[in-house]
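Chemist: Just dropping this structure here.
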Amino acid sequence: MLPKAYEPQEVEQKLAEKWQNSKLFAAKADKTKKPFVIVIPPPNITGALHMGHALNNTLQDVLIRTHRMFGEDSFWVPGTDHGGIATQNVIEKKLAKEQHKSRHDLGREEFVKTVWNWYDECGNAIFNQFRKMGWALDLSDIRFTMDEKRAQAVYECFRQWWEKKYIYRGKRLINWCVRCSTALSDIEVEHEQHAGKLWHLRYKGEDGSEGIVIATTRPETIFADAAIAVNPNDKRYTHMVGQKVIIPLANRAIPIIADEAVEMEFGTGALKITPAHDATDYEVGKRHNLPVMTVINDKGKMVNCPEKYLGMDRELCRKETVKDLESAGLLVKEEKYMNNVSTCYRCHQPIEPFMSEQWFVKMDQLAAPAIAAAESGELQFHPASWKTPFVNWLKNLQDWCISRQIWWGHRIPVWYCRQCSAKGLTFATDQQGKEQLTKVSFEDGATPIVSYHQPEKCPHCGGHDLVQDPDVLDTWFSSSLWPISVFGWPEKTEDLNYFYPTSTLVTGYEILYLWVARMVMTGLDFTGKLPFKDVYLNGIVRDKSGQKMSKSKGNVIDPLDMTAKYGTDAVRFSLLMQAVPGKDIPYAEESITGARNFCNKLYNASRFILMNMEGINGPLSMPKQVTELADQWILDRYANAVKTAREGIEKYNLALTANTLYHFLWGDFCDWYVELAKQRFQTDEKEHVMALCVNILYGTLKALHPLIPFVTEEIAASLKPYVGVSETFLLNQPYPEFDRTLCNEEAVRKMNIVQGITREIRTIRSQFNVPPGLKIAAVITAKTEEELATVKAYESYIKLMAKVEDLTITANADKPKQTATAMFENTAIYVPLTGLIDFEKERKRLEKDLAAAKANIVSRQARLSQENFLKHAPAEQIQKTKDELAAAQAAVAQITASLEDLA
RNA sequence: GGGCAGUUGGCGCAGUGGUAGCGCGUCCGCCUCACACGCGGAAGGUCACAGGUUCGAACCCUGUACUGCCCACCA
Numbered sequence: 009m010l011p012k013a014y015e016p017q018e019v020e021q022k023l024a025e026k027w028q029n030s031k032l033f034a035a036k037a038d039k040t041k042k043p044f045v046i047v048i049p050p051p052n053i054t055g056a057l058h059m060g061h062a063l064n065n066t067l068q069d070v071l072i073r074t075h076r077m078f079g080e081d082s083f084w085v086p087g088t089d090h091g092g093i094a095t096q097n098v099i100e101k102k103l104a105k106e107q108h109k110s111r112h113d114l115g116r117e118e119f120v121k122t123v124w125n126w127y128d129e130c131g132n133a134i135f136n137q138f139r140k141m142g143w144a145l146d147l148s149d150i151r152f153t154m155d156e157k158r159a160q161a162v163y164e165c166f167r168q169w170w171e172k173k174y175i176y177r178g179k180r181l182i183n184w185c186v187r188c189s190t191a192l193s194d195i196e197v198e199h200e201q202h203a204g205k206l207w208h209l210r211y212k213g214e215d216g217s218e219g220i221v222i223a224t225t226r227p228e229t230i231f232a233d234a235a236i237a238v239n240p241n242d243k244r245y246t247h248m249v250g251q252k253v254i255i256p257l258a259n260r261a262i263p264i265i266a267d268e269a270v271e272m273e274f275g276t277g278a279l280k281i282t283p284a285h286d287a288t289d290y291e292v293g294k295r296h297n298l299p300v301m302t303v304i305n306d307k308g309k310m311v312n313c314p315e316k317y318l319g320m321d322r323e324l325c326r327k328e329t330v331k332d333l334e335s336a337g338l339l340v341k342e343e344k345y346m347n348n349v350s351t352c353y354r355c356h357q358p359i360e361p362f363m364s365e366q367w368f369v370k371m372d373q374l375a376a377p378a379i380a381a382a383e384s385g386e387l388q389f390h391p392a393s394w395k396t397p398f399v400n401w402l403k404n405l406q407d408w409c410i411s412r413q414i415w416w417g418h419r420i421p422v423w424y425c426r427q428c429s430a431k432g433l434t435f436a437t438d439q440q441g442k443e444q445l446t447k448v449s450f451e452d453g454a455t456p457i458v459s460y461h462q463p464e465k466c467p468h469c470g471g472h473d474l475v476q477d478p479d480v481l482d483t484w485f486s487s488s489l490w491p492i493s494v495f496g497w498p499e500k501t502e503d504l505n506y507f508y509p510t511s512t513l514v515t516g517y518e519i520l521y522l523w524v525a526r527m528v529m530t531g532l533d534f535t536g537k538l539p540f541k542d543v544y545l546n547g548i549v550r551d552k553s554g555q556k557m558s559k560s561k562g563n564v565i566d567p568l569d570m571t572a573k574y575g576t577d578a579v580r581f582s583l584l585m586q587a588v589p590g591k592d593i594p595y596a597e598e599s600i601t602g603a604r605n606f607c608n609k610l611y612n613a614s615r616f617i618l619m620n621m622e623g624i625n626g627p628l629s630m631p632k633q634v635t636e637l638a639d640q641w642i643l644d645r646y647a648n649a650v651k652t653a654r655e656g657i658e659k660y661n662l663a664l665t666a667n668t669l670y671h672f673l674w675g676d677f678c679d680w681y682v683e684l685a686k687q688r689f690q691t692d693e694k695e696h697v698m699a700l701c702v703n704i705l706y707g708t709l710k711a712l713h714p715l716i717p718f719v720t721e722e723i724a725a726s727l728k729p730y731v732g733v734s735e736t737f738l739l740n741q742p743y744p745e746f747d748r749t750l751c752n753e754e755a756v757r758k759m760n761i762v763q764g765i766t767r768e769i770r771t772i773r774s775q776f777n778v779p780p781g782l783k784i785a786a787v788i789t790a791k792t793e794e795e796l797a798t799v800k801a802y803e804s805y806i807k808l809m810a811k812v813e814d815l816t817i818t819a820n821a822d823k824p825k826q827t828a829t830a831m832f833e834n835t836a837i838y839v840p841l842t843g844l845i846d847f848e849k850e851r852k853r854l855e856k857d858l859a860a861a862k863a864n865i866v867s868r869q870a871r872l873s874q875e876n877f878l879k880h881a882p883a884e885q886i887q888k889t890k891d892e893l894a895a896a897q898a899a900v901a902q903i904t905a906s907l908e909d910l911a
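Residue numbers for the first sequence follow this note's numbering, so the first one is 9 and each next one is one higher.
The following block contains the structure:
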């Protein structure tokens, strides 16, 4: 005998291995079939899986599995991402913790080797977790953004864009992370509200006058001031424009200029312009031809400033400057201020705007086709509300800074001749005594040679002393090529031809710009085709109170802990029940228990049906024709559940699919059909009923399999002999089709009457504490032909489900004495309960029902007396209202009689 | 500053024109021979607010408030 409760752990382990070993998830590359392809958002090799991965991958898994069952050649392409800065940070922390070493202690080569070792370790761990989760990825064929093929793709992209002049080198004010010591692109910068201060500083006039007062959050940058700016329309300052003032503590004169960028209302209306350390100021400086002077270096230390502050950290210098300004009497005011601080998306330290020569990609030509694709609707977003932000982002795109001053990543495929480029190259000796190229300046004459491998010789002088650019590419550079690189681009492979473009991209909205937009641009640029036509944006898994999960908040739920405790299916199903496109999911352990209970319900229902299979040999096919109400009804429910489940998948509304199947299985199949079937098991109808049970259950298992693959596969294995299936895996069987011929509205209507009357009797039983085992008598007086006929025909259902022994059915009986009364539509239900009735309780109950019925009469009558309603509303609606009025009137009459009876 | 979501019973959410559903929780009764991870029943909501469209609005339109997110060079 099977255990009472479903124990997922062993089952899942066993099946996960079986699936992988059978290569069940390998795409067949069957050219006769339509491919359905999803490329996985490759997880960074930074550590363990979190709930976000669980959600994102489960959604993809459901799509992959359903489309496979739809008969398509579905292929989910697995891989990982090297994760640039993120991974380098993880390894640096690890080194510091375990060996008290920095990456500089190891040197570049050794450090990179260390990360590769980490990749072996962590990559494996990730795929083991994938296997455990049962995700339909063929793990025998995986990709990595830094493996040889993907590196070739990166190089080819760089080369082509260099030739097209999309890639260029430029000196700009870029976002510099002092902690990570690298440049960042604009979207890698996050904006956080920090409690800071706003200082009002006086810049005295060159002529000794009072000068002007400005407001700043960054007093340490005054040494780099190039001007003071005011709004041209600001009458307070018009007379001062053109005059010169003295920078405090620096004693340098700068002009007062007028520029539209200055907000008159903010601070004092006067703004210090520091082109080298602020993006706005940089633009103003350009307009006014101001000199750019740097006072903070790449380490965040002060340079080019009065000696006192030289070498000081920027933070400390801020404090010191304020102190000294105060002593000098030039600090006019200090106020608290909520500052919008730019921070690094990886380490969350404040970003320093920094003048630097970097590699950029020109975006306008790349963006244009992407904008067109989104605007035309060729590219679809789910939910669609992301289209506008997507397009707007592309329209306001700045050039993409792609060089990073870190060690882990694709090295820029550019070389320099030490002879020809000598002036533009700066070398330093590292801690291992090796000479390293640290800085490249095209402005000073470095000449690039674009090449994947080290060129044999310099094309200019024939020299052999060539060095590679020290920078690596933005990690998103290789990610943006992912949909083509996974299939072997730039080679014209068969895979690329067959599987590209892919079908759907499933990812979080937080990387829509960082990743999705760029894949669209590169895909269109290199292939002329969109990499995917549907973008399904999933929400973020949050904690129960809607907070983002984070280690520091201690509210993280580990998906692996949860799968160990409740089973993978339970975790998957709990997420799917809430998976509405674009919506965040509040998540708590309690969310999982419901899903776990469902898996158990499914298991037990199956167990029950299997138990009743005893004595039945061979497969039972689905009966072609059914005449019994319960059979007609359950087939209608089943057909509709399948229909809605499929709709949910097509509309990317997996919550709809999950909920529909949940309620069909539990509410319709178990609570009513199987309960009714129990009595038929004792008759010669048994085989017929079993045929329906087992086939409907098997169909439901197939419909559920993409959502909860383990428990369904496990059950299906036992059920197969009874439905005549020889195929081992559910995944290779067709997804249930909606069968219109099974729909039967009349059966649903009749069953609804049976259920309604049953519930009324059960309520009476419960209200008057009738012992569950006690069979009772009941009198049903049906006032309409339909109800009367139905009750008469299916009195056995009511007797069974409501535990009624003696059922009297009449068209018009007087209310028996000493009974409880209930109404269902036009039918009165009397339950004689001599000695059991609490008259006071019954009176209260009846009065409540009476009030409700009276309210119904009033509202229906009001509606029916409106001429406009009768004129405009559809006939069907008018009839419905009339029926409701009649039912309410019948109820009032009946209940009133009952109340009189009680008195 | 711009944009996008959301506001439905104690909690978390479904529901796109015919006056409300689900899960959890609560309360009552049940170990009824598949399942107590269960069965039956009950209580609980003027669908944020104000206008408008409509015979009819949780649902469509306008505005307001609050919450969250994204974008943006008010230092």
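Each residue gets a CB set at the ideal place from its N, CA and C atoms; glycine is no exception.
Can you give the beta carbon distance from residue 122 to residue 714, rounded, assuming they're within the 8 Å contact cut?
Modeler: Residue 122 to residue 714, Cβ: 40 Å. No contact.
Chemist: With residue 22 as the anchor, note down where its alpha helix (DSSP H) starts and where it stops.
Modeler: Residues 16-29.
Chemist: In angstroms, rounded to a whole number, what distance separates the CA positions of residue 889 and residue 895?
Modeler: So the alpha carbons of these two residues sit roughly 10 Å apart.
Chemist: Under a three-way DSSP split, which group does residue 130 fall into?
Modeler: In this structure, residue 130 counts as helix in the three-state DSSP scheme.
Chemist: Runs of 3 residues minimum, wholly inside the segment 591-644: which ones carry the beta strand (DSSP E) assignment?
Modeler: Runs found: 593-595.
Chemist: Rank 661, 673, 812, 636 by C-alpha distance to the C-alpha of residue 648 and give the top, closest one.
Modeler: Nearest of 661, 673, 812, 636 to residue 648, Cα basis: 673.
Chemist: Just how far apart, CA to CA, sit residue 66 and residue 584?
Modeler: For residue 66 and residue 584, the distance between alpha carbons rounds to 8 Å.
Chemist: Are residue 193 and residue 413 touching if we call contact CB-CB under 8 Å?
Modeler: Cβ atoms of residue 193 and residue 413: not closer than 8 Å.
Chemist: Are residue 755 and residue 640 closer than 8 Å when you measure CB to CB?
Modeler: Cβ atoms of residue 755 and residue 640: closer than 8 Å.
Chemist: So what does DSSP say about residue 269, is it helix, strand or coil?
Modeler: In this structure, residue 269 counts as coil in the three-state DSSP scheme.
Chemist: Helix, strand or coil: how does DSSP classify residue 232 here?
Modeler: Residue state, collapsed to three classes: helix.
Chemist: Answer yes or no: do residue 69 and residue 144 have a C-beta to C-beta separation smaller than 8 Å?
Modeler: It is a contact, given that the beta carbons lie within the stated cut-off.
Chemist: Taking DSSP as the reference, what is the three-state secondary structure of residue 675?
Modeler: In the structure shown, residue 675 sits in a helix (DSSP, three-state: H, G or I).
Chemist: Just checking, does the segment 211-230 make contact with the segment 309-328 on the three C-beta pairs under 8 Å criterion?
Modeler: Result yes; three or more Cβ-Cβ pairs closer than 8 Å.
Chemist: Let me know the secondary structure DSSP gives residue 764 once reduced to three states.
Modeler: It is helical.
Chemist: Helix, strand or coil: how does DSSP classify residue 409 here?
Modeler: Correct three-state label for residue 409: strand.
Chemist: For my contact list, residue 576 and residue 20 are in at a C-beta cut-off of 8 Å; report their separation, rounded to the angstrom.
Modeler: Between residue 20 and residue 576 the Cβ distance is about 5 Å, and since that is below 8 Å, they are a contact.
Chemist: Tell me whether residue 293 is buried or exposed, calling it buried when 16 or more other Cβ atoms sit within 10 Å of its Cβ.
Modeler: When all chains shown are included, residue 293 counts as buried.
Chemist: Output the distance between the C-alpha atoms of residue 216 and residue 317, rounded to the nearest integer angstrom.
Modeler: One C-alpha to the other measures close to 26 Å.
Chemist: Span of the beta strand (DSSP E) holding residue 586?
Modeler: Residue 586 -> no beta strand (DSSP E), and no H or E assigned at all.
Chemist: Helix, strand or coil for residue 295? Go by DSSP, reduced to three states.
Modeler: If DSSP states are grouped into helix, strand and coil, residue 295 belongs with the helices.
Chemist: Provide the residue span of the alpha helix (DSSP H) that contains residue 569, from first to last.
Modeler: Per DSSP, residue 569 belongs to the alpha helix (DSSP H) from 567-574.
Chemist: Within 8 Å, do at least three Cβ pairs link the segment 358-374 to the segment 174-182?
Modeler: The segment 174-182, when compared against the segment 358-374, does touch it at the 8 Å Cβ threshold.
Chemist: Shortest alpha-carbon distance to residue 629 belongs to which of 727, 567, 622?
Modeler: The residue with the shortest Cα to Cα distance from residue 629 is 727.
Chemist: Which whole-angstrom value describes the C-beta separation of residue 46 and residue 514, a residue pair presumed to lie in contact below a C-beta threshold of 8 Å?
Modeler: The pair is a contact, with the Cβ atoms about 6 Å apart (cut-off 8 Å).
Chemist: Quick one: using the 10 Å Cβ neighbour count with 16 as the cut-off for buried, is residue 878 buried or exposed?
Modeler: So residue 878 ends up on the exposed side.
Chemist: Grouping DSSP H, G and I as helix and E and B as strand, with all else coil, what is residue 78?
Modeler: Coil, per DSSP.
Chemist: Three-state secondary structure (DSSP) at residue 545?
Modeler: Residue 545: strand per DSSP, three-state reduction.
Chemist: In three-state DSSP terms, what is residue 45?
Modeler: Note: residue 45 maps to strand in three-state DSSP.
Chemist: Quick one: grab the DSSP three-state call for residue 551.
Modeler: Reduced to three states, the DSSP call for residue 551 is strand.
Chemist: Rounding to the nearest angstrom, what Cα-Cα distance links residue 43 and residue 495 in this structure?
Modeler: For residue 43 and residue 495, the distance between alpha carbons rounds to 14 Å.
Chemist: Can you list, in chain order, the residues of its chain whose CB lies under 6 Å from that of residue 153, leaving out five sequence neighbours each side?
Modeler: 89, 90, 486.
Chemist: Under the rule that 16 or more other beta-carbon atoms within 10 Å means buried, what is residue 469, buried or exposed?
Modeler: Flag for residue 469 reads exposed.
Chemist: Quick one: complete alpha helix (DSSP H) runs, 4+ long, within the segment 465-513?
Modeler: Whole alpha helix (DSSP H) segments, 4+ residues: 483-487, 490-493, 502-507.
Chemist: Going by DSSP in three states, residue 785 sits in which element: helix, strand or coil?
Modeler: Here residue 785 sits in strand by DSSP.
Chemist: Do you know whose CA, among 690, 395, 391, lies nearest residue 378's CA?
Modeler: Residue 378 has its Cα closest to that of 395, out of 690, 395, 391.
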